[in-house]
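Here's the structure we're looking at; comments come further down.
Number of protein chains: 2
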Amino acid sequence: MATTPEDLGLFTDLYELTMAQSYFREGMFGPATFSLFIRAYPPNRSYFVAAGLEDVLTYLENWSLSREDIDYLHATDRFSTELLDYLSYLRFSGEVWAMREGGLFFADEPVVEVTAPIIEAQIVETYIINQINFQSLAATKAARCVWAARGKALTDFSLRRAHGTDAGMKVARASHIAGFQSTSNVLAGKRYGIPVSGTMAHSFITSFPDEMDAFRAYAWSYPETAVLLIDTYDTLAGARKAVAVGKELERQGGFLQGVRLDSGDYGSLSREVRRILDQAHMNYVTIVASGGLDEFQLEELTRAGAPIDAFGVGTRLGVSDDAPWTDMAYKLVSYDGRPVLKLSEGKRTLPGAKQVFRMRDEEGSFDYDIIGLREERVPEGEPLLMKVMEEGKRLDSPASLGEISSLLTDEFRHLDDRLKVLRDPPTYDVALSPDLKALYNRIEGELRDSEIGLTGGQGQRERTT
Amino acid sequence: MATTPEDLGLFTDLYELTMAQSYFREGMFGPATFSLFIRAYPPNRSYFVAAGLEDVLTYLENWSLSREDIDYLHATDRFSTELLDYLSYLRFSGEVWAMREGGLFFADEPVVEVTAPIIEAQIVETYIINQINFQSLAATKAARCVWAARGKALTDFSLRRAHGTDAGMKVARASHIAGFQSTSNVLAGKRYGIPVSGTMAHSFITSFPDEMDAFRAYAWSYPETAVLLIDTYDTLAGARKAVAVGKELERQGGFLQGVRLDSGDYGSLSREVRRILDQAHMNYVTIVASGGLDEFQLEELTRAGAPIDAFGVGTRLGVSDDAPWTDMAYKLVSYDGRPVLKLSEGKRTLPGAKQVFRMRDEEGSFDYDIIGLREERVPEGEPLLMKVMEEGKRLDSPASLGEISSLLTDEFRHLDDRLKVLRDPPTYDVALSPDLKALYNRIEGELRDSEIGLTGGQGQRERTT
Numbered sequence: 509m510a511t512t513p514e515d516l517g518l519f520t521d522l523y524e525l526t527m528a529q530s531y532f533r534e535g536m537f538g539p540a541t542f543s544l545f546i547r548a549y550p551p552n553r554s555y556f557v558a559a560g561l562e563d564v565l566t567y568l569e570n571w572s573l574s575r576e577d578i579d580y581l582h583a584t585d586r587f588s589t590e591l592l593d594y595l596s597y598l599r600f601s602g603e604v605w606a607m608r609e610g611g612l613f614f615a616d617e618p619v620v621e622v623t624a625p626i627i628e629a630q631i632v633e634t635y636i637i638n639q640i641n642f643q644s645l646a647a648t649k650a651a652r653c654v655w656a657a658r659g660k661a662l663t664d665f666s667l668r669r670a671h672g673t674d675a676g677m678k679v680a681r682a683s684h685i686a687g688f689q690s691t692s693n694v695l696a697g698k699r700y701g702i703p704v705s706g707t708m709a710h711s712f713i714t715s716f717p718d719e720m721d722a723f724r725a726y727a728w729s730y731p732e733t734a735v736l737l738i739d740t741y742d743t744l745a746g747a748r749k750a751v752a753v754g755k756e757l758e759r760q761g762g763f764l765q766g767v768r769l770d771s772g773d774y775g776s777l778s779r780e781v782r783r784i785l786d787q788a789h790m791n792y793v794t795i796v797a798s799g800g801l802d803e804f805q806l807e808e809l810t811r812a813g814a815p816i817d818a819f820g821v822g823t824r825l826g827v828s829d830d831a832p833w834t835d836m837a838y839k840l841v842s843y844d845g846r847p848v849l850k851l852s853e854g855k856r857t858l859p860g861a862k863q864v865f866r867m868r869d870e871e872g873s874f875d876y877d878i879i880g881l882r883e884e885r886v887p888e889g890e891p892l893l894m895k896v897m898e899e900g901k902r903l904d905s906p907a908s909l910g911e912i913s914s915l916l917t918d919e920f921r922h923l924d925d926r927l928k929v930l931r932d933p934p935t936y937d938v939a940l941s942p943d944l945k946a947l948y949n950r951i952e953g954e955l956r957d958s959e960i961g962l963t964g965g966q967g968q969r970e971r972t973t
Numbered sequence: 509m510a511t512t513p514e515d516l517g518l519f520t521d522l523y524e525l526t527m528a529q530s531y532f533r534e535g536m537f538g539p540a541t542f543s544l545f546i547r548a549y550p551p552n553r554s555y556f557v558a559a560g561l562e563d564v565l566t567y568l569e570n571w572s573l574s575r576e577d578i579d580y581l582h583a584t585d586r587f588s589t590e591l592l593d594y595l596s597y598l599r600f601s602g603e604v605w606a607m608r609e610g611g612l613f614f615a616d617e618p619v620v621e622v623t624a625p626i627i628e629a630q631i632v633e634t635y636i637i638n639q640i641n642f643q644s645l646a647a648t649k650a651a652r653c654v655w656a657a658r659g660k661a662l663t664d665f666s667l668r669r670a671h672g673t674d675a676g677m678k679v680a681r682a683s684h685i686a687g688f689q690s691t692s693n694v695l696a697g698k699r700y701g702i703p704v705s706g707t708m709a710h711s712f713i714t715s716f717p718d719e720m721d722a723f724r725a726y727a728w729s730y731p732e733t734a735v736l737l738i739d740t741y742d743t744l745a746g747a748r749k750a751v752a753v754g755k756e757l758e759r760q761g762g763f764l765q766g767v768r769l770d771s772g773d774y775g776s777l778s779r780e781v782r783r784i785l786d787q788a789h790m791n792y793v794t795i796v797a798s799g800g801l802d803e804f805q806l807e808e809l810t811r812a813g814a815p816i817d818a819f820g821v822g823t824r825l826g827v828s829d830d831a832p833w834t835d836m837a838y839k840l841v842s843y844d845g846r847p848v849l850k851l852s853e854g855k856r857t858l859p860g861a862k863q864v865f866r867m868r869d870e871e872g873s874f875d876y877d878i879i880g881l882r883e884e885r886v887p888e889g890e891p892l893l894m895k896v897m898e899e900g901k902r903l904d905s906p907a908s909l910g911e912i913s914s915l916l917t918d919e920f921r922h923l924d925d926r927l928k929v930l931r932d933p934p935t936y937d938v939a940l941s942p943d944l945k946a947l948y949n950r951i952e953g954e955l956r957d958s959e960i961g962l963t964g965g966q967g968q969r970e971r972t973t
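Order-wise, the sequence lines are chains A and B. Heads up, the first sequence is in my numbering, so the first residue is 509 and it goes up one at a time. Heads up, the second sequence is in my numbering, so the first residue is 509 and it goes up one at a time.
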């Protein structure tokens, strides 16, 4: 297919560039550190799976503005020629500290920290949040599904109802990291090397004069890997036809791999279909269920012991439907050596470049985390943020999806099971280090004096005049 | 920035290709018609704004598989050399009927119908749903915001928390169609010609030693267009500093354009800030509010008469948070001249290529719609589906965003106000034509006899043997 260029140089919010104009005019080229973190847990969430760093590093290594980008900015009549000249040569030259993809993190913890000349660090904000927020959201939703499925195979079916093309690709990747065996997304198979799976839609059945013909045609095309969709007209009638076709395959040396349910009550239908298959001595035929599933239904079905071997999980995974957003933010924590914070109601930030330390108990399970300053040492605390980019160049080659997935499996095993419950989980304990607290209190006090006390007084005067 | 090729040839579900293998083997190259429609209203929805057709037509005109795509498919070991040869030359050669972008549609109504040789019509399913579903969802959410804002200016701030890059771009476009004046998304400004807006983030304030310095620096950069963000430390203190800087601008012949609130209680804060500005004889300075807004809060604030001139709407718009998905489906309705349907529980479909007829009352307002067969004539009914592509080529040049937006404004004016309420709206009346009903009943009866009765009987026999 003709390639559509995806040019992301201007994938940013306008204010990043209007601020740049002012920083440039003021000669502010000092290093700024920004922390990326989630402020509050969305409904039913008690942990997050870090994902998206790989795309961010690729973006940072390649970011630049094209001639057409500069022409467009010029035409908006908002920017000086000097700034546009500067931007036309600009590359990202900064440093990035980050948690590894597949790691678990919690509210308030920086998952990425960027240090760069402030203009650069601002312009890349939008893409960094756009990718890490959504990919982490999708990986977290997928991890919940994997936990609820208790070892049963899962396939990502979300491509068609994910929010656009990029989301569809990223959900395939994120769900594979979280433990999904495969995806229906062929492009994700090609791009990421994820196993692909899928067999037939209802349209296949209805395109034939009758269901039996459709089953036969498909089975002859895939005599050892066919999964027949049996709910087009009537699920139990479909199951009996699948048995008949399976018997025909057996006589030819093939075998039917499975049948798929896509509507109705999966619990009772799966039991009846299992009985039909077993009565025909076809206990090797697997049952797959799909259609509107999420972690809540997976848990119900697995708890009830429904004889379903594998699940296709689509829309609700792809949009993280019970929690389609987080309040992930990218906040300035230090400029030119001066730690900073904001006091906005409900949105306070913690100053300074940071480190997150994970404390484990004697079995290696997560006990609690400490958010400290980057240079702090916390005895027994495992530092989670690693330097991954320096002077705009990544320091390590990308981890494979297999490595990322293994990391998550290991981390998840060491997470308290109480935090894994699907509804209203308790909160993991995250403390602030004494140094960070002291720094926060000092700066907060200074700001109260300088920014609020004083002008509050001015305001009073204004009112009385 | 280096362009990342976005190659969408394999942006499809695997089953589209495994079915292709079987269609190919069976020599099934007959024309198939698929209907794209939403089965059920998500929460709080009573209408949908059609969006996404433009991308779909571009995709259909350009779809093909590259050499690498074919190599990848070959490597999956699932496809015959004959099929892969066939696919390597395949282009979309079909016909498309569609509602215009910016038009209003309702549950069960086909918004797009595709007729093409069945292999082609299947492969393009995934992208078509992926785009039309999300773009319509976003345009609908945006239309709700515009309605709730009652004429106040809206800006799209959703880019950072939309689900990936494509979603961010499409929300900017969809919200502009729906009546948003501008977007913060610079790439959308460049690509779609949408006005861009934005001024400063909290990081700008905190990067300066004090707020007053930050305000001054920005005001000198933009002496006639600055909007100062005043909630970094204390909103009312920030408002007083904005007044001081505004006075300085006045003395230099400039003026402060506005102030922005991004946290706290927007209702009471906007009143207090308005009073501070007015007392300083700066009634020309506008108040902008942003931060976690959606149509429900917009309605509350505008009803309460909060003196806010413009709103930035971000995350909740970008993910359509109260309704992040629909059950939009693309279903085979006719193959090789034979109308078809499926009976799956809760997911029945209507057979045959269709037309949607809109019935209006004497004032031109929407009265009810009739879904009929494509060749049917309904006196006084305005047909909504137009032929937009023939033999793989679009028939008309793309409508401009302005034209699309005007169409929506006009349609929305003719929609009953009762359907516009934000919570639990009533349902618009959509009837089936007598011919469509008769066709459905005939085919449904035939299927009951051939597919269920018979094998149901077989099932009974199995159980009694």
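Where a beta carbon is used, it is the ideal one built from N, C-alpha and C, also for glycine.
**Outcome for H671 (chain A) when other beta-carbon atoms lying within 10 angstroms are tallied against a minimum of 16** = Taking the first residue of the first sequence as 1, we reach residue 671 (chain A) at position 163. With 16 or more other Cβ atoms within 10 Å, it is buried.
**Request:** Using a Cβ-Cβ cut-off of less than 9 Å, list which residues of the segment 512-530 of chain A approach chain B; keep chain order.
**Result:** T512, P513, E514, D515, L516, G517, L518, F519, T520, D521, L522, Y523, E524, L525, T526, M527, Q529 and S530
**Item:** Contacts of N638 (chain A) in chain B (Cβ-Cβ under 9 Å)
**Value:** Counting from 1 along the first sequence, the entry for residue 638 (chain A) is found at position 130. Ordered by position in chain B, the residues that pass the 9 Å Cβ test against N638 (chain A) are L667, R668, R669, A670, H671, G672, T673, A675 and G676.
**Request:** For W833 (chain A), return the contacting residues in chain B, with the cut-off set at a CB-CB distance below 7 Å.
**Result:** On the first sequence, position 325 is the one that residue 833 (chain A) refers to. Ordered by position in chain B, the residues that pass the 7 Å Cβ test against W833 (chain A) are R669, T823, V827 and D829.
**Request:** Return the chain-ordered list of same chain residues with a C-beta closer than 7 Å to the C-beta of G611 (chain B), the five sequence neighbours on each side being excluded.
**Result:** Indexing the second sequence from 1 puts residue 611 (chain B) at position 103. If you ignore the 5 residues before and after G611 (chain B), its C-beta comes within less than 7 Å of the C-beta of A558, L892, L915 and E919, all in its own chain and listed in chain order.
**Message:** With a threshold of 8 Å between beta-carbons, can G967 (chain B) be considered close to chain A, or not?
**Reply:** On the second sequence, position 459 is the one that residue 967 (chain B) refers to. Summary for G967 (chain B): the model assigns pLDDT 36, below 50, so the residue's position carries little reliability, and this model does not support an answer.
**Message:** So, at 8 Å on beta carbons, what are the nonlocal neighbours of R724 (chain B) in its own chain, with the 5 sequence-adjacent residues on each side left out?
**Reply:** Taking the first residue of the second sequence as 1, we reach residue 724 (chain B) at position 216. Within the same chain, R724 (chain B) has close Cβ partners V753 and E756.
**Prompt:** In this structure, does DSSP put F614 (chain B) in helix, strand or coil?
**Reply:** Taking the second sequence and counting its residues from 1, the one referred to as residue 614 (chain B) is at position 106. In the structure shown, F614 (chain B) sits in coil (DSSP, three-state: anything other than H, G, I, E or B).
**Item:** Contained beta strand (DSSP E) runs [length at least 3] in the segment 527-600 of chain B, N- to C-terminal order
**Value:** 539-545
**Message:** Is it the case that the segment 568-588 of chain B contacts the segment 647-665 of chain B, given that we only count it when at least three CB pairs across the two stretches are under 8 Å?
**Reply:** no
**Asked** Looking at P618 (chain A) and S543 (chain A), is the spacing between their C-beta atoms short of 8 Å?
**Response** Residue mapping note: residue 543 (chain A) aligns to position 35 of the first sequence, counting from 1. Residue mapping note: residue 618 (chain A) aligns to position 110 of the first sequence, counting from 1. Taking 8 Å as the Cβ cut-off, S543 (chain A) and P618 (chain A) qualify as a contacting pair.
**For T935 (chain A), the three-state DSSP class (helix, strand or coil)** = Along the first sequence, one-based indexing puts residue 935 (chain A) at 427. Residue state for T935 (chain A) is assigned as coil, using DSSP reduced to three classes.
**Message:** One question on the structure: do P731 (chain A) and T623 (chain A) come within less than 8 Å of each other, judged by their Cβ atoms?
**Reply:** As a first step, residue 731 (chain A) must be located in the first sequence, where it is residue number 223. As a first step, residue 623 (chain A) must be located in the first sequence, where it is residue number 115. Contact flag unset, no.
**Item:** Own chain residues within Cβ distance below 7 Å of M527 (chain A), not counting five before or after
**Value:** As a first step, residue 527 (chain A) is located in the first sequence; it is residue number 19 there, counting from the start. For M527 (chain A), where only same-chain residues beyond five positions count, the Cβ hits under 7 Å are Q630.
**Item:** Alpha-carbon to alpha-carbon, D521 (chain B) and D721 (chain A)
**Value:** In the first sequence, residue 721 (chain A) corresponds to position 213, counting from 1. In the second sequence, residue 521 (chain B) corresponds to position 13, counting from 1. Roughly 23 Å between the two C-alpha positions.
**Prompt:** Any idea what DSSP makes of N791 (chain A), helix, strand or coil?
**Reply:** Taking the first residue of the first sequence as 1, we reach residue 791 (chain A) at position 283. Three-state DSSP puts N791 (chain A) in coil, outside helix and strand.
**Request:** Starting from the C-beta of D904 (chain A), find all residues in its chain whose C-beta is less than 8 Å away, skip the five residues before and the five after it, and write them out in chain order.
**Result:** Position 396 of the first sequence holds residue 904 (chain A). Cβ neighbours of D904 (chain A) beyond the five flanking positions: V896.
**Prompt:** Can you tell me where the alpha helix (DSSP H) with D918 (chain A) in it begins and where it stops?
**Reply:** Counting from 1 along the first sequence, the entry for residue 918 (chain A) is found at position 410. Looking at the DSSP string, the run of the alpha helix (DSSP H) that includes D918 (chain A) is L909 to R921.
**Message:** Could you tell me the alpha carbon to alpha carbon distance between M536 (chain A) and G860 (chain A), rounded to whole angstroms?
**Reply:** Within the first sequence, numbered from 1, the residue matching residue 536 (chain A) stands at position 28. Within the first sequence, numbered from 1, the residue matching residue 860 (chain A) stands at position 352. For M536 (chain A) and G860 (chain A), the distance between alpha carbons rounds to 19 Å.
**Request:** Report the rounded CA-to-CA distance for A615 (chain B) versus S574 (chain B), giving the unit in angstroms.
**Result:** As a working note, residue 615 (chain B) is residue 107 in the second sequence. As a working note, residue 574 (chain B) is residue 66 in the second sequence. Roughly 37 Å between the two C-alpha positions.
**Message:** Rounding to the nearest angstrom, what Cα-Cα distance links G659 (chain B) and A750 (chain B) in this structure?
**Reply:** Residue 659 (chain B) sits at position 151 when you count from the first residue of the second sequence. Residue 750 (chain B) sits at position 242 when you count from the first residue of the second sequence. The C-alpha of G659 (chain B) lies about 26 Å from the C-alpha of A750 (chain B).
**Asked** What are the start and end residues of the beta strand (DSSP E) that includes S842 (chain B)?
**Response** Here residue 842 (chain B) is taken as the residue at index 334 of the second sequence, counted from 1. Its beta strand (DSSP E) spans residues A837 to Y843.
**Request:** Using a Cβ cut-off of 7 Å, pull out every chain A residue sitting near E704 (chain B), in sequence order please.
**Result:** Along the second sequence, one-based indexing puts residue 704 (chain B) at 196. Position check: residue 704 (chain B) holds Val in this sequence, whereas Glu was assumed. What V704 (chain B) touches in chain A: L522 and T584.
**Prompt:** The alpha helix (DSSP H) with I960 (chain B) in it runs from where to where?
**Reply:** Here residue 960 (chain B) corresponds to residue number 452 of the second sequence, with the count starting at 1. Run containing I960 (chain B): none; DSSP gives neither H nor E here.
**Message:** Please tell me whether I879 (chain A) and M867 (chain A) are closer than 8 Å, where the distance is taken between their beta carbons.
**Reply:** The count along the first sequence starts at 1 and reaches residue 879 (chain A) at position 371. The count along the first sequence starts at 1 and reaches residue 867 (chain A) at position 359. No, they are not a contact pair.
**Message:** Using 8 Å as the threshold, is the C-beta distance between L923 (chain B) and P934 (chain B) below it?
**Reply:** Position 415 of the second sequence, counting from 1, holds the residue named residue 923 (chain B). Position 426 of the second sequence, counting from 1, holds the residue named residue 934 (chain B). Contact flag unset, no.
**Message:** Does the CB of E970 (chain B) have a neighbour CB from chain A at under 8 Å?
**Reply:** Locating residue 970 (chain B) in the second sequence gives position 462, counting from the first residue. Unreliable placement is indicated for E970 (chain B), whose pLDDT of 36 sits below 50; the coordinate value is still reported in the next sentence. Interface residue, yes.
**Message:** Determine, for Y730 (chain B), whether the minimum Cβ-Cβ distance to residues of chain A falls below 8 Å.
**Reply:** Counting from 1 along the second sequence, the entry for residue 730 (chain B) is found at position 222. For Y730 (chain B), at least one C-beta of chain A is nearer than 8 Å to its own C-beta.
**Request:** Would you kindly check if the distance between the Cβ of Y531 (chain A) and the Cβ of I637 (chain A) is under 8 Å?
**Result:** Here the question's residue 637 (chain A) lines up with position 129 in the first sequence. Here the question's residue 531 (chain A) lines up with position 23 in the first sequence. Not closer than 8 Å, so no.
**Simplified DSSP state of E954 (chain B), which is helix, strand or coil** = Reading the second sequence from its first residue, position 446 is the one you call residue 954 (chain B). Three-state result, E954 (chain B): helix.
**Prompt:** Near Y549 (chain A), which residues of its chain fall below 6 Å by C-beta distance, leaving aside the five closest residues on each side in sequence?
**Reply:** If you number the first sequence from 1, residue 549 (chain A) lands on position 41. Cβ neighbours of Y549 (chain A) beyond the five flanking positions: A615.
**Asked** Of all Cβ atoms in chain B, is any one closer than 8 Å to the Cβ of L806 (chain A)?
**Response** What you label residue 806 (chain A) is simply residue 298 of the first sequence in a count that begins at 1. No, its Cβ sits nowhere closer than 8 Å to a Cβ of chain B.
**Message:** Check this for me: beta carbons of A651 (chain A) and A686 (chain A), under 8 Å apart or not?
**Reply:** Here residue 651 (chain A) corresponds to residue number 143 of the first sequence, with the count starting at 1. Here residue 686 (chain A) corresponds to residue number 178 of the first sequence, with the count starting at 1. Against a cut-off of 8 Å, the Cβ pair of A686 (chain A) and A651 (chain A) comes out as a contact.
**Asked** From the DSSP output, which residues share a beta bridge with I878 (chain A)?
**Response** As a working note, residue 878 (chain A) is residue 370 in the first sequence. A:F865 and A:A939, per the DSSP bridge assignment.
**Prompt:** Would a check of beta-carbon distances place H710 (chain A) closer than 8 Å to chain B?
**Reply:** Walking along the first sequence from the start, residue 710 (chain A) turns up at place 202. Yes - at least one Cβ of chain B is within 8 Å of the one on H710 (chain A).
**Message:** Checking the sheet assignment: what are the DSSP bridge partners for F819 (chain A)?
**Reply:** Here residue 819 (chain A) is taken as the residue at index 311 of the first sequence, counted from 1. Its beta-bridge partners are A:L662 and A:A797.
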